[in-house]
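Oh and the sequence shown: position 474 is 474 in UniProt numbering, straight run, nothing missing.
Below is one structure, written out as structure tokens; comments come after it.
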Amino acid sequence: MIYHQMDKNDAAVSLQTNIKTGLSTKLADERRKKVGRNELSEGEKQSAILLFFSQFKDFMVLVLLAATLISGLLGEYIDAVAIMVIVLINGFLGFIQERKAEKSLQALKDLSAPKITVLRDGRWMKLDSKDAVPGDILKLSSGDRVGADMRIIVSNDLEIEESALTGESIPAQKHSDPILDENPSLGDLNNMAFMGTLVTRGNGIGVVTATGMNTAMGKIAGMIQTAATIMTPLQRRLDQLGKILITVALLLTVAVVLAGIFHGHDVYTMFLAGVSLAVAAIPEGLPAIVTVALSLGVQRMIRKNAIVRKLPAVETLGCASVICSDKTGTMTQNKMTVTHLWGGGKTWTVTDTGEFSTVGKNIEVDKEKTLYQLLTFGTLCNNAEIKITGQEMLVEGDPTEGALLLAGAKAGIDKKALLEKQFSVEKEYPFDSARKMMSVIVKGPSGDRFVITKGAPDVLSLKSNTILWEGKQKALSDHLLQEVNGAIKQLASMALRTISIAYKPLKGPIPERAEEIEQNLTLIGLQGMIDPPRPEVKAAVAECKQAGIKTVMITGDHVDTACAIAKQLGILAKDEGDSAVMDGRRLNELSAKELESVVDNIHVFARVSPEHKLKIVNALQNKGHIVAMTGDGVNDAPAIKAADIGIAMGITGTDVAKEASSLILLDDNFATIKVAIKEGRNIYENIRKFIRYLLASNVGEILVMLFAMLMSMPLPLVPIQILWVNLVTDGLPAMALGLDQPEENVMQRNPRHPKEGVFARRLGWKILSRGFLIGVVTLAAFVIVFHRDPSDLPYAQTIAFATLVMAQLIHVFDCRSEISIFSRNPFGNKYLVWAVVSSALLMLVVIYVPIFQPIFHTVAIEPRDWLLILGLSAVPTFLLAGTFFSRKRR
Ligand code: ATP
């Protein structure tokens, strides 16, 4: 018999497992050794050797290699070997960069790998889904991606969306009864759950029947696509720009070659010089450096608790103009403690140490019937558990429910004891943020069944028609409803999160759907709990404001609770009133257009359902905002996907929310969003910095050659020198710029416009002007020295080489700031200082160490000429830095 045909207990027996305690860790390890990890095998990866050789597929590099080969055959051995070595080193560096980028992307993938909740050795634990083995007992909750194929053994309203397997997008309702059908299709197997499908509602438990390639998903593994690497907008733009730059560089190179030949240089020399120049001037390494800068930035973010799932988000982060954030757990600590209770017109308070009192007098809970019932039912309609470890009482499960348990425990009400002696829970209708309620069906000591429902007070009031008032059941008249609403408002305005509790007897069979029982209830009362704001959020909100980013709170909580917290955090001004706040009901009434017209003024959306989030994202986007939106549940996924930056919670987030997101907060903390935005802005700025440096350097290299040829001069630089500059002077400092710290004012500027071009904010001008000057001073140094002694061309070339290198190494410090070299400590980036020092040393080695001199065609420079070199090479950076002062003074 197959698992779906068996009774659930028989299925467990045939899988040699125990439903109550799960597998032992030892047994699970043994089974894993036998059946392998619970993974789908991936396609072939590009091998390291192929990746290495792919570095040389560039057309110009091939031409250079061919040219080198020819020059080798013609007897220029030293030149040929030196050029080969440089090309090889260049390729090797490119290979290392790409490997690094690939590795860090893989590490990211591993970090966001799905988890399972599994019963091992009698304890529920969270493990990587690849650790599951047949026979494991797994828990499924709304929002989970199912970790393996399993036979369902408990279903509480469990619904699973299986479109990935069956194509059916309407979720299937799951149950635990056998299905006797001999040959059912996958879509009919409603007592099974399949790897890779999504739990959209309810919760349940299942026993794993198959893992890895043995699952239904594994069998159709061909269908599964590995996600393609997505290019960021900047990478795409650079790709296009790269093509233009290649054309321009090639045209200029051809101009250099033709001018050289026209002025009498021999064709062979000019050809080699031209090809070297093309290789040096074409910024073929730019995309690789951008990837490295992005992935290094992403690694920095991980250290600060933000995982970027989609690389483009790094750039979009810098454009964010609105952050829509959940309140509970993101802005607050999610450490709930019941402090106030209300029932039948009476308010009670409870202290940390467990004293209950009313109107200033201590009381004993069991003498207050309504209070006792409120606490008991709050404990019964509850999935959390209290764990005592040493001195500490820890809550496992939803913090809201934990608070209700702890309040009960303070009155001596213990869930375990209640369930052992008096009550049994027969069915659960799990909480969801759209219904804002949870219910259980409980069998009492006399065998009678009753329903307990708890949930958002305003919702529960609508579902109740009676109320317990002074020990009696009374109709919920308008007058009493007003009393209830007054109590809700009073607790909420103290920033308390409120939960109502209601009940009713149940006659007849147990209904399948929550909607059938959550009506005609009898209200018992309210519990109000504090959830203190996270201490760092207030400062983060203020910093975002300075950075031109608006913070919007979106919460399922009561309007008054939300406003009270928003005021504490500075999201609402102390005197800001209703016009900045909107509740879910009003949101429902407004059309998309109407919402757009007011959305800019709203800072708090309260009592919203997850579906509302999408409407809010759309309205903000239509107003031109770049929206970051947080979420954790399965219903949040559409909004997370639609937002420009979808953010999921690492701790409380469901798999569905995480998969839809582009950023995951490992600590669920709002302040981490701010940190990520700052990092995102910085990464983009750093990319701009090295684009600026590299392109200005290339412009300088081309112009010095072009001017010399047009002016009918000898070659100011020999090919190997040009290649050396490309490798050393351009390479190391550019990488170091990618690691630069943010400028101080990075969070004092407005967000970047998403359509901003690569050369925006005068970057194009800076590249051309500095590049032009680098070319001019290099040529000047060459001309001065050549005129002094026309018989010593190699000496003049060495001077030009040193001037070009030094001009670039000084200019690199200017690239650290959008404003000027003087606006920040030029030596603040230690990587850059090391890169510049080592480039300068390597230059000195090439010039002064005798064995390198014939290879690089260099001659030892006399000390007095260094004054000329340093004086001229400082000009490109400092000449135009003067414009900074004159602009500042104005
Ligand atoms: P957010 O995380 O978006 O800031 P939230 O967590 O407060 O909001 P929900 O979890 O949707 O939003 O809760 C909405 C309301 O539902 C709460 O104000 C509370 O009254 C009620 N509620 C929350 N958790 C439970 C629960 N486990 N059982 C019953 N009712 C609950």
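The C-beta atom is built at its ideal place from N, Cα and C for all residues, glycine as well.
With DSSP as the reference, please indicate the residues paired to residue i in a beta bridge.
| i | result |
| --- | --- |
| A502 | T453 and L523 |
| S141 | N203 |
| G147 | None; G147 has no bridge partner. |
| W342 | T347 and L526 |
| W765 | Bridge partners of W765: none, in fact. |
| R123 | R120 |
| A306 | L665 |
| K545 | DSSP output for K545 lists no bridge partner at all. |
| G631 | A648 |
| A132 | Paired residue(s): none; A132 is not in a bridge. |
| T551 | I323 |
Taking the alpha-carbon positions, what's the residue i to residue j distance?
| i | j | result |
| --- | --- | --- |
| A580 | K550 | 13 angstroms |
| V254 | G653 | 58 angstroms |
| E364 | S500 | 22 angstroms |
| S886 | L496 | Any reading at S886 needs caution, since the residue's pLDDT is 47, under 50, leaving its predicted position unreliable; the model's value is listed next. Roughly 57 angstroms between the two C-alpha positions. |
| I224 | M217 | Note that I224 scores a pLDDT of 42, beneath 50, so its modelled location is shaky; the value from the coordinates is reported in the next line. Near 8 angstroms, if we compare the C-alpha coordinates of M217 and I224. |
| A874 | L779 | 14 angstroms |
| K219 | A193 | 15 angstroms |
| D792 | G871 | 22 angstroms |
| D121 | A12 | 16 angstroms |
| R309 | I673 | 14 angstroms |
| K507 | A492 | 35 angstroms |
| K361 | T25 | 53 angstroms |
| M6 | K139 | 20 angstroms |
| L380 | K421 | 13 angstroms |
| R688 | V718 | 30 angstroms |
| R435 | I452 | 15 angstroms |
| T17 | A148 | 16 angstroms |
| R123 | K443 | 26 angstroms |
| E159 | D655 | 15 angstroms |
| H612 | V61 | 55 angstroms |
| L481 | S461 | 8 angstroms |
| A48 | N686 | 29 angstroms |
| G397 | Y372 | 23 angstroms |
| F431 | R201 | 9 angstroms |
| H558 | T328 | 12 angstroms |
Taking buried to mean at least 16 other C-beta atoms within 10 Å of its own C-beta, is residue i buried or exposed?
| i | result |
| --- | --- |
| L703 | buried |
| E162 | buried |
| E701 | buried |
| V541 | buried |
| N622 | exposed |
| T226 | Because T226 sits at a pLDDT of 41, beneath the cut-off of 50, its placement in the model cannot be relied upon, and the following sentence gives the value as read from the coordinates. The residue is exposed, with fewer than 16 neighbouring Cβ atoms inside 10 Å. |
| E368 | buried |
| P850 | exposed |
| Y693 | buried |
| M437 | buried |
| H603 | buried |
Let me check understanding here. Comparing Cα to Cα, which of the options lies closest to residue i?
| i | options | result |
| --- | --- | --- |
| T166 | K33, P184 and A502 | P184 |
| E536 | V279, C319, E159 and T332 | T332 |
| G378 | G455, L590, T389 and G318 | G455 |
| Q55 | P312, D636 and L88 | L88 |
| I647 | L311, G345 and S325 | S325 |
| N9 | L158, N90 and V154 | V154 |
| K304 | R37, L663, S276 and F53 | L663 |
| T337 | K243, V746 and V350 | V350 |
| A708 | G264, I510 and I847 | G264 |
| H175 | R770, I205, M195 and I323 | I205 |
| K538 | A514, L521 and I565 | I565 |
| K489 | T347, T877 and V837 | T347 |
| G738 | R761, R816 and V725 | R816 |
| K545 | L27, N829 and I323 | I323 |
| L65 | W469, A259, V81 and M629 | V81 |
Which ranges would you report for the alpha helix (DSSP H) in the segment 788-815 if only whole runs of at least 4 residues count?
Correct list: 793-814.
Can you check the segment 643-715 for any beta strand (DSSP E) of at least 3 residues that lies completely inside it and give the ranges in chain order?
Qualifying beta strand (DSSP E) stretches, in chain order: 645-649 and 663-665.
What runs of the beta strand (DSSP E), each 3 residues or longer, lie entirely inside the segment 331-411?
Whole beta strand (DSSP E) segments, 3+ residues: 337-343, 346-350, 356-358, 385-389 and 392-396.
Complete runs of the alpha helix (DSSP H) confined to the segment 431-484 [at least 4 residues]:
Counting whole runs of 4 or more residues, the segment 431-484 contains the alpha helix (DSSP H) stretches 457-463.
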